[in-house]
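A.B. asks: Next up is a structure, given as structure tokens.
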Amino acid sequence: MSARKAPVGAAKTQSYRAAYQQLTSIAAELEAGETDLDKVLPLLTQAQAAYEICRERIDALRAALDEAAPLETVPLAAELGQDAADSAETEEDDTDDDDDVYF
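In my numbering, the protein residues as written are 944 to 1046.
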């Protein structure tokens, strides 16, 4: 694979998916171990730029999720306390007694 040069200003408009694909492509090329030494530094520079795009997109998404209204959740048994979980199990056990057959 050859080193690809992104147009000036492309870093701000490149999508997460494109940046991630560029990162994986560069990683595969470098891991193959056959990259010309003169191409390593430009590839690393491109990888750094692609990484920054991915990181910025992830950070922006995290910030948006943090600002969003929290969803209503149903409390877990641990949050209700063990007594509530035990009483729910007891109610279930009482309904199952009708079909028990003892020999």
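Using N, Cα and C, we set each Cβ at its ideal position, and we do this for glycine too.
Is it the case that the segment 1004-1013 contacts the segment 973-981, given that we only count it when at least three CB pairs across the two stretches are under 8 Å?
C.D. replies: Judged by Cβ distances under 8 Å, the segment 973-981 makes no contact with the segment 1004-1013, as fewer than three pairs qualify.
A.B. asks: Closest to Tyr-963 by C-alpha separation, out of Ala-993, Pro-985 and Leu-980, would be which residue?
C.D. replies: Stepping through the sequence shown from its first residue, residue 963 is reached at position 20. Answer by Cα proximity: Ala-993.
A.B. asks: What are the start and end residues of the alpha helix (DSSP H) that includes Asp-1009?
C.D. replies: Within the sequence shown, the letter at position 66 stands for residue 1009. 980-1010 is the extent of the alpha helix (DSSP H) around Asp-1009.
A.B. asks: From which residue to which residue does the alpha helix (DSSP H) around Gln-964 run?
C.D. replies: Within the sequence shown, residue 964 is the residue found at index 21, counting from 1. Element bounds for Gln-964: 959-975.
A.B. asks: Let's test the definition: count the other Cβ atoms within 10 Å of the Cβ of Leu-986 and tell me whether it reaches 16, buried, or not, exposed.
C.D. replies: Start at 1 with the first residue of the sequence shown, and residue 986 comes out as number 43. Buried: at least 16 other Cβ atoms inside 10 Å.
A.B. asks: Is it buried or exposed, Ala-971, if we count other Cβ atoms within 10 angstroms and call 16 or more buried?
C.D. replies: By one-based count along the sequence shown, residue 971 stands at place 28. Flag for Ala-971 reads exposed.
A.B. asks: Report buried or exposed for Ile-1001, applying the criterion of at least 16 other Cβ atoms within 10 angstroms of its Cβ.
C.D. replies: Taking the sequence shown and counting its residues from 1, one reaches residue 1001 at position 58. When all chains shown are included, Ile-1001 counts as exposed.
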